[in-house]
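Colleague:
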Amino acid sequence: MDQRICIKFCVKNKIKCADAFRMLTVAYGEATLDRSNVYRWYKMFSEGREDVNDEERAGRPSTSTTDENIDEVKKIVLANRRITVREVAEDLNISIGSCHSIFTNDLGMRRVAAKFVPKLLNFDQKQHREFLAKNNTLMPQPPYSPDLAPSTLNRSNVYRWYKMFSEGREDVNDEERAGRPSTSTTDENIDEVKKIVLANRRITETGRREIFLHHDNAPAHTSLLVREFLAKNNTLMMPQPPYSPDLAPCDFFLFPKLKRPMNDATLRLRR
């Protein structure tokens, strides 16, 4: 707006357009309008235009896509992933089209299998990453993501599986059920997880019976078969933020815990 006023001033004082563009570049630097826009506005003011504002466009301006409504939609969808666009629109008293535009354009989400999931690293994944980075503790899941950590079986089932493995059982699957999917990658990963569980099944010195497992969220690690096996063996899997290879398990959890006892400690070098 200020630059348009300056262009109009140059037209009134009969300053050439090239000189006006040079003066704008000196005054505004990188924020200067490009040459084509400067010449276009110079031509319009030369032809007698007085208004420096844009002309009104066809259609009614949107009044529902505001920052307040976007924040409210965020809160609603984080609280209930299965809510519909119509229900959100009714709660916020906005049109369905505006609500759908907020989901797709502002939040970058789409509807898949009756559940909103992110297409890219949007606000949901960013909040997940921020939560885990700030709370690098042995927490089973963030408060707004109820589907991240596997559910824990009761004590009797845990002892039942423990006894079967102690007696030499090798198969970790239940009896065959029709339509149950399985992949070689998942089966191989179950065998690796089984070795970890059986090697660490003794009670630790702190008296805890749980085993905390921390690995990335690759499909082979987060598949249904692997999560069922970990849940049956009372193994809690620490959450890993999505698409965050820079947060390696040791950097993300182990090293901060090792640094805590060293806080305010003075280390002396031996010579």
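Using full-length UniProt numbering, you'd call the opening residue of the sequence shown number 1 and step up by one each time. Where a beta carbon is used, it is the ideal one built from N, C-alpha and C, also for glycine. Being a predicted model, the structure only gives us computed values, none of them experimental.
For Asn-69, tell me which candidate among Arg-22, Glu-47, Ile-96, Val-26 has the shortest Cα-Cα distance.
Modeller: Numbered from its first residue, the sequence shown carries residue 69 at position 69. Checked all of Arg-22, Glu-47, Ile-96, Val-26; the closest Cα to Asn-69 is Ile-96.
Colleague: Under three-state DSSP, which class holds Leu-236?
Modeller: Position 236 of the sequence shown, counted from the start, is the residue given in the question as residue 236. If DSSP states are grouped into helix, strand and coil, Leu-236 belongs with the strands.
Colleague: Check this for me: beta carbons of Asp-91 and Leu-107, under 9 Å apart or not?
Modeller: Counted from its first residue, the sequence shown places residue 91 at position 91. Counted from its first residue, the sequence shown places residue 107 at position 107. No, these two residues do not count as a Cβ contact at 9 Å.
Colleague: Exposed or buried, Asn-80, counting other C-beta atoms within 10 Å across all chains shown (16 or more means buried)?
Modeller: Taking the first residue of the sequence shown as 1, we reach residue 80 at position 80. The residue is exposed, with fewer than 16 neighbouring Cβ atoms inside 10 Å.
Colleague: Within the same chain, show all residues whose beta-carbon is closer than 7 Å to that of Ser-64, passing over the 5 residues directly before and after it, in chain order.
Modeller: The residue you call residue 64 lines up with position 64 of the sequence shown. The answer, listed in chain order, is Ile-94, Ser-95, Ser-98.
Colleague: Could you give the first and the last residue of the continuous alpha helix (DSSP H) run that contains Lys-16?
Modeller: Your numbering for residue 16 matches position 16 in the sequence shown. Unbroken run through Lys-16: none, as it is neither H nor E.
Colleague: Is it right to say Arg-40 is buried, meaning 16 or more other beta carbons lie within 10 angstroms of its own, or is it exposed?
Modeller: Taking the first residue of the sequence shown as position 1, residue 40 is located at position 40. Its Cβ having fewer than 16 others within 10 Å, Arg-40 is exposed.
Colleague: Starting from Asp-67 and walking both ways along the alpha helix (DSSP H), at which residues does that stretch end?
Modeller: On the sequence shown, position 67 is the one that residue 67 refers to. Element bounds for Asp-67: 67–79.
Colleague: Cα separation between residue 275 and Ala-220?
Modeller: No statement about residue 275 is possible, as the shown extent of the chain runs from 1 to 271 and does not include it.
Colleague: Which value, in whole angstroms, describes the spacing of the CA atoms of Ala-20 and Asn-53?
Modeller: Walking along the sequence shown from the start, residue 20 turns up at place 20. Walking along the sequence shown from the start, residue 53 turns up at place 53. Those two C-alpha atoms are separated by around 19 Å.
Colleague: Out of Lys-134, Glu-228, Lys-126, Ser-101, which one is the CA nearest neighbour of Trp-161?
Modeller: Sequence index remark: in the sequence shown, residue 161 carries index 161 (1-based). Taking only the C-alpha atoms, the option nearest Trp-161 is Glu-228.
Colleague: Have a look at Val-38 and Cys-17 and give me their C-alpha separation to the nearest angstrom.
Modeller: Sequence index remark: in the sequence shown, residue 38 carries index 38 (1-based). Sequence index remark: in the sequence shown, residue 17 carries index 17 (1-based). Their Cα atoms are separated by approximately 8 Å.
Colleague: Shorter than 8 Å, the distance from the beta carbon of Thr-84 to the closest heavy atom of the ligand ZN, or not?
Modeller: The ligand content of the structure shown is nil, which means the ligand ZN is not present either.
Colleague: Taking Cβ positions, are Leu-132 and Pro-241 nearer each other than 9 Å?
Modeller: Counting from one through the sequence shown, the residue named residue 132 turns up at place 132. Counting from one through the sequence shown, the residue named residue 241 turns up at place 241. Their beta carbons are under 9 Å apart, which means Leu-132 touches Pro-241 by this criterion.
Colleague: Do His-100 and Pro-239 have their C-beta atoms within less than 9 Å of each other?
Modeller: Here residue 100 is taken as the residue at index 100 of the sequence shown, counted from 1. Here residue 239 is taken as the residue at index 239 of the sequence shown, counted from 1. Contact: no.
Colleague: Just reading off the alpha helix (DSSP H) that Glu-167 is part of, what are its end residues?
Modeller: The residue you call residue 167 lines up with position 167 of the sequence shown. Taken as a continuous stretch (DSSP letters only), Glu-167 belongs to no alpha helix (DSSP H), as it is neither H nor E.
Colleague: Are Val-88 and Ser-46 close, meaning C-beta to C-beta below 9 Å?
Modeller: To locate residue 88, count along the sequence shown from 1; it is residue 88. To locate residue 46, count along the sequence shown from 1; it is residue 46. No. Outside cutoff.
Colleague: In chain order, what residues of the same chain lie with their CB nearer than 8 Å to the CB of Met-1, ignoring the 5 residues before and after it?
Modeller: By one-based count along the sequence shown, residue 1 stands at place 1. Around Met-1: Val-52, Asn-53.
Colleague: Is Asp-91 helix, strand or coil when you go by DSSP?
Modeller: Against the sequence shown, residue 91 aligns to sequence position 91. DSSP places Asp-91 in helix when its eight states are reduced to three.
Colleague: With DSSP as the reference, label Ile-5 as helix, strand or coil.
Modeller: Position 5 of the sequence shown, counted from the first residue, corresponds to residue 5. It is helical.
Colleague: Under three-state DSSP, which class holds Pro-261?
Modeller: Position 261 of the sequence shown holds residue 261. It is helical.
Colleague: Under the three-state reduction of DSSP, which class applies to Asn-37: helix, strand or coil?
Modeller: On the sequence shown, position 37 is the one that residue 37 refers to. Looking at Asn-37 - three-state DSSP - the assignment turns out to be helix.
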